[in-house]
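As you go down the protein sequences, you meet chains A and B in turn.
Counting from 1, position 88 in the first sequence corresponds to residue 88 in my numbering; the numbering is continuous, with no gaps.
For any residue, its number in my numbering is found by taking its place in the second sequence, counting from 1, and adding 116.
Glycine included, every Cβ here is placed at the ideal spot set by N, Cα and C.
Structure record follows, encoded as structure tokens.
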Amino acid sequence: EAEVAQSPRYKITEKSQAVAFWCDPISGHATLYWYRQILGQGPELLVQFQDESVVDDSQLPKDRFSAERLKGVDSTLKIQPAELGDSAMYLCASSAPRGLAGGQVFFGPGTRLTVL
Amino acid sequence: AQKITQTQPGMFVQEKEAVTLDCTYDTSDPSYGLFWYKQPSSGEMIFLIYQGSYDQQNATEGRYSLNFQKARKSANLVISASQLGDSAMYFCAMREIGETGANSKLTFGKGITLSVRP
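In structure tokens:
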């Protein structure tokens with residue numbers, strides 16, 4: 001069964017350090033999302049890709065966060081420098097090509113980040 | 117304005133009974149989809165059920181059904197015959213399609229904690 005892959009599953013870092021998360025969506029899924037979920041809250045979108053292009057990064061803190069999907073397949077989310085408030089679950093998701101309104105959105109297992 | 121509203125406090129249900137989790141939404145887009153996800157303590161987001169704005173019938177998936185009331189803009193999740201393993205956070209989410217036909221983001225509510233008592 002196709003799955004969205006993410007690594008690492010857990011990451012502990014100290015503030016001011018750099019961290020990077022990787023996501024491999026389901027094969028053929030053109031849309032890729034990065035969400036951040038603070039404990040006890042709903043996920044919030046950080047960035048959305050359609051193929052290799054950024055569709056929505058309005059909520060991405062661009063002074064410290066960056067995201068890329070160079071070949072339109074896997075994606076990397078980076079934080080530099082990490083701050084205490086960045087501690088959260090980072091979820092990657094993918095969905096079917098454009099136009100399939102009912103397309104399911106599949107989530108990966110997430111990366112739980114702790115910043116000390 | 118909040119697009120997805122989940123206002124119930126933590127919910128409790130007795131094992132084998134049914135429970136309804138409320139969700140209201142706000143959109144001016146005629147084409148949209150409504151999703152429910154379950155998130156256990158492990159953190160994974162598990163898809164439960166989907167309802168399209170043009171679907172004539174309420175969606176059902178096993179023990180899950182969606183009570184879709186379009187005029188009221190509500191999409192409540194009904195879980196029948198609750199099991200201990202149903203204890204988790206439940207999130208309602210919406211995706212609008214827009215004029216270009218491109219998939220927009222999923223917008224989530226704040227979630228509801230469900231606890232199933234033995």
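Do A:Gly-110 and A:Cys-92 have their CB atoms nearer than 9 Å?
-> Taking the first residue of the first sequence as position 1, residue 110 of chain A is located at position 110. Taking the first residue of the first sequence as position 1, residue 92 of chain A is located at position 92. Yes; because the gap between Cβ atoms is below 9 Å, this pair is in contact.
Out of B:Arg-179, B:Glu-212, B:Gly-149 and B:Phe-207, state which residue places its alpha-carbon closest to the alpha-carbon of B:Gln-199.
-> Walking along the second sequence from the start, residue 199 of chain B turns up at place 83. The option with the nearest alpha carbon to B:Gln-199 is B:Arg-179.
Cβ neighbours of B:Met-127 in the same chain (closer than 8 Å, five flanking residues each side left out) | Residue mapping note: residue 127 of chain B aligns to position 11 of the second sequence, counting from 1. Correct list, in chain order: Val-135, Leu-137, Ile-228, Thr-229, Leu-230 and Ser-231.
C-beta atoms of B:Ala-209 and B:Phe-224 nearer than 9 Å = As a working mapping, residue 209 of chain B is identified with position 93 in the second sequence. As a working mapping, residue 224 of chain B is identified with position 108 in the second sequence. Cβ atoms of B:Ala-209 and B:Phe-224: closer than 9 Å.
Listing by chain order, which chain B residues have their CB less than 8 Å from the CB of A:Tyr-33?
-> Locating residue 33 of chain A in the first sequence gives position 33, where the first residue counts as 1. The contacting residues are Lys-221 and Leu-222.
State the DSSP-derived secondary structure class of A:Gly-131, mapped to helix, strand or coil.
-> No statement about residue 131 of chain A is possible, as the shown extent of chain A runs from 1 to 116 and does not include it.
A:Leu-60 and A:Leu-70: beta carbons closer than 9 Å?
-> Counting from one through the first sequence, the residue named residue 60 of chain A turns up at place 60. Counting from one through the first sequence, the residue named residue 70 of chain A turns up at place 70. No, they are not a contact pair.
So, is the C-beta of A:Glu-83 closer than 9 Å to a C-beta in chain B?
-> Counted from its first residue, the first sequence places residue 83 of chain A at position 83. No, because no Cβ of chain B sits closer than 9 Å to the Cβ of A:Glu-83.
Buried/exposed call for A:Leu-100, threshold 16 Cβ in 10 Å = The residue labelled residue 100 of chain A in the question sits at position 100 within the first sequence. Low per-residue confidence applies at A:Leu-100: pLDDT is 48, beneath 50, and the placement is therefore not dependable enough to give any value.
6 Å Cβ shell around B:Val-129 - same chain, five flanking residues per side excluded = Position 13 of the second sequence, counted from the first residue, corresponds to residue 129 of chain B. So the qualifying residues of the chain are Val-135, Ser-198 and Val-232.
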